[in-house]
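Heads up: the sequence shown at position 9 corresponds to 61 in the numbering used here, and the numbers run straight through without jumps. Inspection log for the structure reproduced underneath, given as structure tokens.
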Amino acid sequence: MHDLIAFIQSNSALVAANPLAFATSAVLFGGGGFAVGRYFLAERIANLESRIARRDEEITDLKAKQKAPEPEVPVPLFEMTEILPPAPPNFHRLLVKDTLHVK
């Protein structure tokens, strides 16, 4: 970059005498460099864009799999009974009169 500045300083009289020609050549060379760079990098840019699109599709597929309902239980659980052990004896109830029942 320093060499470019030194070159322009050494040729500043030429640039000052013909600013339109300098600006035109700068725009042409800059635009040409941009066009050539864009041409050579177009394939790389397209490849990166397709990879991004593919990753987006994979992300949406994985999110859809996470939201899928869980399958039903393979063994039916109907007609099952629960067998509990007998209640422990309540000695206090033996002493209480049987007044709780409606006659």
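Beta carbons are placed, not taken as given, at the ideal position from N, Cα and C, and that holds for glycine. Fair warning: this is a prediction, and the values are worked out from it, not measured in the lab.
| query | result |
| --- | --- |
| Backbone secondary structure at Pro-71 - three-state DSSP | helix |
| Length of the line joining the Cα atoms of Ala-75 and Gly-89 | 21 Å |
| Pairwise C-alpha distance: Asn-70 and Ala-94 | 36 Å |
| Coil, strand or helix - Lys-117 by DSSP | helix |
| For Phe-59 and Lys-68, the rounded distance between their alpha carbons | Rather than Lys, the amino acid found at residue 68 in this sequence is Ala. Straight-line Cα distance between these residues: approximately 14 Å. |
| Leu-100, DSSP secondary structure in three states | helix |
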